[in-house]
Amino acid sequence: MTAQRMTKVPDDITLDELVQRAAKALACAGLEHRIDIYRDVDVDDPAVRMMLGRPHRVRVRVKITATSLLFESGKQSLETKGAIPLPEKST
Numbered sequence: 004m005t006a007q008r009m010t011k012v013p014d015d016i017t018l019d020e021l022v023q024r025a026a027k028a029l030a031c032a033g034l035e036h037r038i039d040i041y042r043d044v045d046v047d048d049p050a051v052r053m054m055l056g057r058p059h060r061v062r063v064r065v066k067i068t069a070t071s072l073l074f075e076s077g078k079q080s081l082e083t084k085g086a087i088p089l090p091e092k093s094t
């Protein structure tokens, strides 16, 4: 059985901050663990409101896992299925 620890994630966290915090947590807990983040989001779409007669909420799940690059070669690769590379951060 795995231990579950809940923590608050601020609404205004950037993706970079989230990834940094997740990496530190996974490195401490062990790379075989994963982090699940759930967020309920209100969908304010007139078509949905007309069909349902009320606002609609969607639960979004973000699953973060880690792969150790300790023994990887210098090549950069996407090993996870369906992974979408993020655009480079412009400075």
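Numbers 4 to 94, taken from this note's numbering, label the letters of the sequence shown in order.
Beta carbons are placed, not taken as given, at the ideal position from N, Cα and C, and that holds for glycine.
Judged by beta-carbon spacing, residue 45 lies within the 8 Å limit of residue 60, meaning their Cβ atoms are closer than that value. Residue 29 counts as buried, since at least 16 other C-beta atoms from the protein chains shown sit within 10 angstroms of its C-beta. Under the three-state reduction of DSSP output, residue 45 falls in the strand class. For residue 63, the enclosing beta strand (DSSP E) starts and ends at 59-68.
For residue 8, no alpha helix (DSSP H) run applies, since DSSP gives it neither H nor E.
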